[in-house]
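Student:
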């Protein structure tokens, strides 16, 4: 089942994709279930939004692909390496990524994103996937120069617009399937790697994260990125595609620089 969050006639609503239409839901399915209003809206008449705005946090799993760790000269951590992105960094499909004036280099990082469906604390690996509502696509935008100079990643990963998510949440996606993450900049393939190359599985890093943080419904965990990360600039269009989840597409512009 593909769930979207959308804007239509000045209202923000949720719906189930049914071919070219949306079956409108009575509320946020994370909290209100899948009761419908009886309405159907043509997909072409709505604006798709980020399918979820985490009420609590976005958790990133760093260096979860060996080839990506190697390309940046890093070792693969024995345990999942986590960082946080604020929920104010989230934007949706078609929204603009804004490059901040503080950074000279912003990089794309195409990733699988798991959306937590219920309160999760100290969950076992065996039970972890039962706590997932569904999956979507993420782009862990990173100010690479600030990541290096700051010594910690809060600013480099956390600017507004640095966490595009979408276009939908797929509730029946299999994260163990050997589908590929493909990132394109202006139509040119920059990343192309299978999910099967993750060092730590989705179940493993959900279990690990839940031992540190209570995971709440709507929290998002980004599963790491394959090799091929690199910069983009104003005027580019960045696309991240995962088979079965669709394509997340975002244009890019520079933020205006303050005088002086």
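Residue numbers (UniProt numbering): 1 to 260.
For each residue, glycine too, the CB sits at the ideal point set by N, CA and C.
Just grab the DSSP bridge partners of residue 288 for me.
Tutor: Residue 288 is absent from the model: the chain starts at 1 and stops at 260.
Student: Cα-Cα, which of 110, 57 and 4 is closest to residue 42?
Tutor: Of the listed residues, the one whose Cα sits closest to residue 42 is 4.
Student: Would you mind sorting residue 9 into buried or exposed? The rule is 16 or more other CB atoms within 10 Å of its CB.
Tutor: Classification of residue 9: exposed, given that the 10 Å Cβ count is below 16.
Student: By the DSSP assignment, the beta strand (DSSP E) with residue 6 in it spans what residues?
Tutor: Residues 2–8.
Student: Under the rule that 16 or more other beta-carbon atoms within 10 Å means buried, what is residue 99, buried or exposed?
Tutor: Label assigned to residue 99: buried.
Student: Can you check which of these residues, 91, 63 and 73, is closest to residue 80 by C-alpha distance?
Tutor: Nearest of 91, 63 and 73 to residue 80, Cα basis: 63.
Student: Using the Cβ count rule (16 or more neighbours within 10 Å means buried), how would you classify residue 36?
Tutor: Classification of residue 36: exposed, given that the 10 Å Cβ count is below 16.
Student: So what does DSSP say about residue 167, is it helix, strand or coil?
Tutor: In the structure shown, residue 167 sits in a strand (DSSP, three-state: E or B).
Student: Can you tell me which of the three DSSP states residue 202 falls into?
Tutor: Note: residue 202 maps to helix in three-state DSSP.
Student: So for residue 87, helix, strand or coil by DSSP?
Tutor: Three-state DSSP puts residue 87 in a helix.
Student: Can you give the Cα-Cα distance for residue 26 and residue 96, rounded to whole angstroms?
Tutor: So the alpha carbons of these two residues sit roughly 29 angstroms apart.
Student: Should residue 51 and residue 136 be called a contact, given that it needs their Cβ atoms to be closer than 8 angstroms?
Tutor: Yes; because the gap between Cβ atoms is below 8 angstroms, this pair is in contact.
Student: For residue 169, count the other beta carbons within 10 Å of its own beta carbon; 16 or more makes it buried, fewer makes it exposed. Which is it?
Tutor: Classification of residue 169: buried, given that the 10 Å Cβ count is 16 or more.
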